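Using UniProt numbering, the letters of the sequence shown map in sequence onto residues 1 to 353.
Here a beta-carbon is modelled for each residue, glycine too, at the ideal position from N, C-alpha and C.
Please read these numbers as outputs of a predicted model, since none were measured by experiment.
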Amino acid sequence: MLKLVGVNKRLGEFHLRDIDLAVLPGEYFVILGPTGSGKTVLLETIAGMYPPDAGRIFFAGKEITCLPPEERRIGFVYQDYALFPHLDVRQNILFGLKSRKIPAAAREGKLGEVVQLLGIGHLLARNPSTLSGGEQQRVALARALVTEPQIFLLDEPLSALDPRTREGFQRELQRIHRATGTLTVHVTHDFAEAAFLADRIAVMQRGRLVQVGSPEEIFYRPSSLFTARFVGLRNVFAGEVLEAKGHRLFRAGRLELAVETGFTGPVGCVLHPEHLQLSPTPTGGTTCLPGRVTAVYRRRFYLEVMVDAGEELVLWIPPAGHEHGFHRPPQVGEKVWCVIPPAAVHLFPRSED
Ligand SMILES: Nc1ncnc2c1ncn2[C@@H]1O[C@H](COP(=O)(O)OP(=O)(O)OP(=O)(O)O)[C@@H](O)[C@H]1O
Ligand SMILES: [Mg+2]
Numbered sequence: 001m002l003k004l005v006g007v008n009k010r011l012g013e014f015h016l017r018d019i020d021l022a023v024l025p026g027e028y029f030v031i032l033g034p035t036g037s038g039k040t041v042l043l044e045t046i047a048g049m050y051p052p053d054a055g056r057i058f059f060a061g062k063e064i065t066c067l068p069p070e071e072r073r074i075g076f077v078y079q080d081y082a083l084f085p086h087l088d089v090r091q092n093i094l095f096g097l098k099s100r101k102i103p104a105a106a107r108e109g110k111l112g113e114v115v116q117l118l119g120i121g122h123l124l125a126r127n128p129s130t131l132s133g134g135e136q137q138r139v140a141l142a143r144a145l146v147t148e149p150q151i152f153l154l155d156e157p158l159s160a161l162d163p164r165t166r167e168g169f170q171r172e173l174q175r176i177h178r179a180t181g182t183l184t185v186h187v188t189h190d191f192a193e194a195a196f197l198a199d200r201i202a203v204m205q206r207g208r209l210v211q212v213g214s215p216e217e218i219f220y221r222p223s224s225l226f227t228a229r230f231v232g233l234r235n236v237f238a239g240e241v242l243e244a245k246g247h248r249l250f251r252a253g254r255l256e257l258a259v260e261t262g263f264t265g266p267v268g269c270v271l272h273p274e275h276l277q278l279s280p281t282p283t284g285g286t287t288c289l290p291g292r293v294t295a296v297y298r299r300r301f302y303l304e305v306m307v308d309a310g311e312e313l314v315l316w317i318p319p320a321g322h323e324h325g326f327h328r329p330p331q332v333g334e335k336v337w338c339v340i341p342p343a344a345v346h347l348f349p350r351s352e353d
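Set out below in structure tokens:
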């Protein structure tokens, strides 16, 4: 297990703050955060490039806070790959082993294994400057893996690739991880990438880890407006919960909603658009808000309907709409009811943002 306890690091204006983190053996752990939030500094601190100002780092039960980087058995793949331009692919991959004084025969054996794992046998004699971005990335991964690291650190390894290549690479990283079982910490600002790869995600904001959880927890139960917005959720409102005649009411601007919650006072609220329903008539039993359709967008597998229900709401409904009593797509200007089942509503106390 990789464990960080109360780790702090100041670099100029930036402050990595009170990082407490436990990554389990074999886990694929993703750090998700916007540019400048401190993701690279955190990885470099784990790798030993910066000594923390405070706090301790442990791996497999031993303290490594002051261990030099080369004694940490870490494989680091950088944001920009950082291949050596004067070495060919083969020499680039073998570089990490040479400095470790491993016998020639064993070196060749390990080289063969990673070359096969990454399918780069045909590239071995090439110079890095002649490789495509995806090929460079494979070589960078091979160079890190050949040392058989106990911790694999990946700093936005896919950000320079086009979307299609990136998706292919995500599957590749998953396959490599399953084959090697190495504890991995992967940094990205892309929630879809994090959701695909991660066992667990930590969300980073201004040098702090603000939420740690499974992709489902982060997406369906964000703990702050920052996380909700950063992962691209829709219908995110800053409001408050009020007591009204024994009921609790969520209010944000002109939106009012009866809610069942233990919270009162300032809260954030997410209404998941895929769990909302549209109805031509009011329905009994569930919270139901009248509104008027302001726009209808055809998406690949659903319709995105915008409704002015005090504030603007987004609903994702099946294209035919029959399920909700519509026999044709809702029309702009039409009066409708937004059905809001309790499961669609996620509330959280709001302090910052
Ligand atoms: N050696 C340093 N000295 C001073 N400030 C630094 C140093 N290294 C990083 N910083 C600052 O720390 C902040 C966090 O940087 P970091 O590179 O960790 O961000 P990041 O989350 O990796 O962003 P990106 O997604 O753009 O790579 C930035 O504001 C950066 O300018
Ligand atoms: Mg970075």
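| Query | Result |
| --- | --- |
| Continuous alpha helix (DSSP H) assignments of at least 4 residues falling wholly in the region 197–250 | 215–220 and 225–230 |
| Bridge partner(s) assigned by DSSP for Y28 | T184 |
| Bounding residues of the beta strand (DSSP E) (the contiguous stretch that carries L94) | Unbroken run through L94 is the alpha helix (DSSP H), V89 to K98; no beta strand (DSSP E). |
| Cut-off 6 Å between Cβ atoms - residues of its own chain near G133, not counting five sequence neighbours on either side | A160 and L161 |
| Near ligand 2: K39 beta-carbon under 7 Å from a heavy atom | yes |
| Check: E156 C-beta below 7 Å from any heavy atom of ligand 2 | yes |
| Rounded C-alpha distance that separates residue 385 from P149 | This structure cannot speak to residue 385, because the chain is shown only from 1 to 353. |
| Proximity below 8 Å, CB of R207 to CB of G55 | The sequence shown places Gly at residue 207, not Arg. Against a cut-off of 8 Å, the Cβ pair of G55 and G207 comes out as no contact. |
| Host beta strand (DSSP E) of L347 (start-end) | V345 to P349 |
| Top-ranked residue by Cα proximity to L257, from A309, F196 and S99 | A309 |
| Contacting residues, own chain, Cβ-Cβ under 8 Å from Y78 (five flanking each side not counted) | A140 and D155 |
| Contact under 8 Å by Cβ, V210 with F219 | no |
| CB contact below 8 Å: Q205 versus chain C | Chain labels in this structure do not include chain C; a single protein chain is all it has. |
| Cβ-heavy atom distance, residue 358 to ligand 2, below 7 Å | A query on residue 358 cannot be resolved here, the shown segment of the chain reaching from 1 to 353 and no further. |
| Closest residue to Q136 among L83, G12 and K335 (Cα-Cα distance) | L83 |
| Supposed close pair A142, I74 - CB separation, criterion 8 Å | The Cβ separation is near 16 Å, so there is no contact. |
| Proximity below 8 Å, CB of V212 to CB of L225 | no |
| Check whether F32 and I176 have beta carbons under 8 Å apart | At residue 32 the sequence reads Leu, which differs from the Phe that was named. No, the pair does not count as a contact, with Cβ atoms beyond the cut-off. |
| The region 37–53 in contact with the region 86–101 per 3-pair CB rule at 8 Å | no |
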